[in-house]
Amino acid sequence: MASAWQRLGFYASFLKKQLSTKPCVTHSGRGATPGCVRSIYSVTGEWTKEYTAQTRKDVEGWWRQRIQEPSSSSLEADKSKPKFYVLSMFPYPSGKLHMGHVRVYTISDTIARFQKMRGMQVIHPMGWDAFGLPAENAAIERNLHPESWTHSNIRHMRTQLDQLGLCFNWEREVTTCLPEYYKWTQHLFIKLYEAGLAYQKEALVNWDPVDQTVLANEQVDEQGCSWRSGARVEQRYLKQWFIKTTAYAKAMQDALADLPEWYGVKGMQAHWIGDCVGCHLDFTLQVDGRVTGERLSAYTATPEAVYGSSHVAVSPSHSLLHGNSSLKEAFRKALVPGRDCLTPVTAVNMLTRQEVPVVIMASGDLEGSLDSRIGIPSTSPEDAILAQTLGLPYSAVIETLPDGTERLSNSAEFTGLSRHDAFLAVTQKARRERVGGDVTSCRLKDWLVSRQRYWGTPIPMVHCPACGPVPVPLDDLPVTLPRIASFTGRGGSPLAQASEWVNCSCPRCKGAAKRETDTMDTFVDSAWYYFRYTDPQNTHSPFSPALADYWLPVDLYVGGKEHAVMHLFYARFFSHFCHGQKMVRHREPFHKLLAQGLIKGQTYRLPSGRYLQREEVDLTGPVPVHAQTREKLEVTWEKMSKSKHNGVDPEEAVRRYGLDTIRLYILFAAPPEKDILWDLKTDALPGVLRWQQRLWSLTTRLIEARASEEPPRPQELSDEERAEARRLWKYKNSVITQVTSHFTEDFSLNSAISQLMGLSGALSQAPQRLVQHSPEFEDALCALVVMTAPMAPHVTSELWAGLAQMPRKLCVHYAWDADVLLQQWPAVDSRFLQPPDVVQMAVLINNKACGKIPVPQDVARDQEKVHELVLQSELGARLLQGRNIKKAFLSPRTALINFLVQE
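Right, here's the structure in full:
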């Protein structure tokens, strides 16, 4: 066979091209690239019949660099093509990939390759979530600077990603710790500040005693522990920076209805936001008639009834009682634990100008996450009781009409409006006057973004004794981190140590001032990175609105379900904000979300709770026991981690089983949203290994058949063989339909692989004459290889190289001079899509099948006409003539009609 191919000289040009792009080791060992042996067809022009472990290594060694997307200096969008933006959540550069990384990037890489084959213009970018506590703590432990530690890890992980053969648009790479990125994070923060959505206030905050920094509510777990350090979180009163995420709560809650299903994540987002039925309104505080200059924001679920307020309630834990407020002593003197306490402080509603007293509630629980609430007796029985008990005056503002509808009274210009119309009018006026009014829930708090650490984006604010907080001018950005030689990360913000950096002049009055020494929560950096990918080299703005409008929303966002609340909520907020600023057309940043499950490894644990390493476990008996003490062990499946000794090194797994095998195992072992139990003894790994070998055998069989002396003669196939070929043709089209649906709709890539395995099984059973003479066999095999390519790009690239140079091909609609990943995705034959002119209608009598009759396709859904045709048929005349038909039912889904007759 090989000599026949060499005589034809069919592979000379291909071989010349490949050898000119990358040298390879020869049999004698002289050459260039180590690890690449001259044994596979792409190198020698001689087809290897067996797909052995060595063949697999040679194939992947040859194709790994060749199938990666070439880096391009052009970022221009080809708007003549439909776009597809597939995004995987970018990693924190820990320095080492884990199997969770491999899973998420394998999924996104597979989808990106598939969409390119469909003719889409695809971006599949990658970057680094490079700021944050983990990098700073790791650097401190190693006596390194976080910058050098982080960039070293990025270089190493970039190499690891390349070794996995992943196809990323590296020309769009972003790194959040670089000034050219965080300049624009600061820019967006200032835009938030100018819009009244970034502010500083004293509040009861979550303090991590280990990491020595404040945490947002979302970063504290249900047990009250830090999401990073695991330490028990303490409560402290500090002046911190917040982003007013509550301003977009209602819009973000409502927008969920327009998004496709997100595998339960939409429900998690809705639950986190809560029912958006009320709003906060702002008050100025007075004591004994003296204006203090302090303000208080309080929530009400019925802002339309605000003219009926009797008081403002605060919890005993409110910062007014514990922070640096000038009113602290007045509140504390009035406080009697366990009682509702009237205070000498009054609150003036900045919308209505009404003055009401401030009451300290006996209970610290004011509903949801509230620490202050407006008391309105007209809409709350509890408020009515408290007002009566404390003797507080108020107006009744809800009037019920005879028809049961309610309208406002005693409410200034809102009097006479229905409650619904008054709600809209009051909240709109409050927003217009910037005294509250953003519709939100009682459970959602604003995002606390201050962090008392070094390795983060500096908050671009200056504190001036005369002017107060002043934003750094946009032209002076970025405010870069000062170089600090050494620090411990303990005992206050490290930035405060850099006196030359801290001391500055006020941008407004030019007087002496100090920079803000807190840095931003790293979630701020990752809340907008999907925008930057669309225009990563822009030096004039965070991104071009035109490019963002073209690429966004992200068509598919792939990442861990652990980010379904915090990251996703913050990212959606930034998108809604940018839309409100007319920076982008779309409100929602992500169309479809694929939240993939964990990869879990088996753990072995002693009754004491200590996890054992594998070498400490005896697995030879009926149950695992400790190798030394013979104690029985608790065997569980848990998220992979070093401490539990159940992790799998991706590099070792790839070395042992191969890139394509690991990719296929990850995709086949479970649907993407489900957890994978990493057990290589299960059927999944042997199954995908056998499948690769079957694909190789099928290709070998066709190549050998076409290289034989007998040419293919489709016209010589018998009627029976033609019928078999047509069944194969139908099966191929059915598989294309189902696999395409899995790639585009439910992303059940495990089901797609099952379909392709079924097609390969059908091809394996085809008789030799079909292989030799049938274009249907050849087309089905080529379609199978093409559809497998996004999931197993290395082995399919080699299979396609062999098929491309096979003599006497019968299928001319493939681009045989291009690699498999450049082929068009197989299309379903139009003849397969056309419904038959006649359908065979199944006839049932009293639920019992009696036969079928032909019915024209265009009347097959018309019950009266089908009923009439059945009665006119020979079958109907024989079985229904003279019988009492009580009713007939035509199935809406299948070609079936059921007659109920009297026996």
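So the sequence shown is numbered by our numbering: it starts at 3 and just counts up by one.
Virtual Cβ for every residue (Gly too), placed ideally from N, Cα, C.
Computed from a prediction, not measured in an experiment: that's the story for all the values here.
{"Asked": "Local Cβ density within 10 Å of lysine 252, reported as buried at 16 or more and exposed below that", "Found": "buried"}
{"Asked": "Separation of leucine 595 from glutamate 653, as counted between CA atoms", "Found": "28 Å"}
{"Asked": "Under 7 Å between C-beta atoms of serine 321 and tyrosine 239", "Found": "yes"}
{"Asked": "Backbone CA spacing between valine 308 and isoleucine 378 [nearest angstrom]", "Found": "7 Å"}
{"Asked": "Identified DSSP bridge partners for leucine 558", "Found": "Val88 and Lys594"}
{"Asked": "Short Cβ contact (7 Å threshold) for leucine 661 with glutamate 62", "Found": "yes"}
{"Asked": "C-beta contact flag for phenylalanine 592 and tyrosine 559 at 7 Å", "Found": "yes"}
{"Asked": "Residues near valine 910 in its chain [Cβ-Cβ closer than 7 Å; skip 5 each side]", "Found": "In the structure as shown, the chain begins at 3 and stops at 905. Residue 910 is therefore absent and cannot be evaluated."}
{"Asked": "Other residues of its chain near glutamate 357: CB distance less than 6 Å, five sequence neighbours each side excluded", "Found": "Thr348 and Val350"}
{"Asked": "Buried/exposed call for glutamate 726, threshold 16 Cβ in 10 Å", "Found": "buried"}
{"Asked": "Where lysine 252 falls: helix, strand or coil (DSSP)", "Found": "helix"}
{"Asked": "CB contact flag (valine 797, proline 828, <7 Å)", "Found": "no"}
{"Asked": "Arginine 434 versus valine 428 - alpha carbon distance", "Found": "10 Å"}
{"Asked": "4 or more residues per run - each alpha helix (DSSP H) lying fully within the region 703-784", "Found": "721-743, 751-766 and 770-775"}
{"Asked": "Same chain only: Cβ atoms within 8 Å of threonine 381, ignoring 5 sequence neighbours per side", "Found": "Ala303, Thr304, Ala307, Gly310 and Ile400"}
{"Asked": "Per DSSP, the bridge partner or partners of proline 473", "Found": "Met463"}
{"Asked": "Opening and closing residue of the alpha helix (DSSP H) in which valine 104 lies", "Found": "101-119"}
{"Asked": "Short Cβ contact (7 Å threshold) for arginine 708 with methionine 808", "Found": "yes"}
{"Asked": "Short Cβ contact (7 Å threshold) for valine 289 with alanine 332", "Found": "yes"}
{"Asked": "Length-filtered (3 minimum) beta strand (DSSP E) runs lying within the region 340-410", "Found": "343-351, 357-362, 374-377, 400-402 and 408-410"}
{"Asked": "Simplified DSSP state of arginine 32, which is helix, strand or coil", "Found": "For arginine 32, the pLDDT reaches just 31, beneath the cut-off of 50, and the residue's location in the model is therefore unreliable, although a value from the coordinates is still provided. Looking at arginine 32 - three-state DSSP - the assignment turns out to be coil, as it is neither helix nor strand."}
{"Asked": "Inter-residue Cα distance where the pair is glutamine 555 and lysine 516", "Found": "Glutamine is not the amino acid found at residue 555; the sequence shown has proline there. Distance between the alpha carbons of proline 555 and lysine 516 is about 40 Å."}
{"Asked": "Residue from His542, Gly406 and Ala432 with nearest C-alpha to phenylalanine 416", "Found": "Ala432"}
{"Asked": "Sufficient close CB pairs (3 or more, under 8 Å) joining the region 606-620 to the region 630-637", "Found": "yes"}
{"Asked": "Tyrosine 532, DSSP secondary structure in three states", "Found": "helix"}
{"Asked": "Selected residue, minimal CA-CA separation from valine 567, among Ser41, Ile387, Gly266 and Glu518", "Found": "Gly266"}
{"Asked": "Nearest-angstrom Cβ-Cβ length linking proline 795 and glycine 167, presumed shorter than 8 Å", "Found": "7 Å"}
{"Asked": "The region 87-104 contacting the region 734-752, beta-carbon criterion three pairs below 8 Å", "Found": "no"}
{"Asked": "Lysine 641 versus histidine 324 - alpha carbon distance", "Found": "41 Å"}
{"Asked": "Nearest neighbour of aspartate 677, chosen from Gln604, Tyr816 and Cys343 [CA to CA]", "Found": "Gln604"}
{"Asked": "Counted within 10 angstroms of its Cβ, other Cβ atoms place glutamate 590 as buried (16 or more) or exposed", "Found": "buried"}
{"Asked": "Of the residues Thr638, Val637, Ser643 and Leu687, the one placed nearest tyrosine 659, counting alpha carbons only", "Found": "Leu687"}
{"Asked": "Distance between lysine 203 and tryptophan 243 (C-alpha atoms, nearest Å)", "Found": "7 Å"}
{"Asked": "Residue range of the beta strand (DSSP E) that includes histidine 313", "Found": "313-316"}
{"Asked": "Cβ shell of leucine 446 (< 6 Å), same chain only, five flanking positions each side left out", "Found": "Thr248, Ala251, Ile275 and Gly276"}
{"Asked": "Contact the region 215-231 vs the region 186-196: 3+ CB pairs below 8 Å", "Found": "no"}
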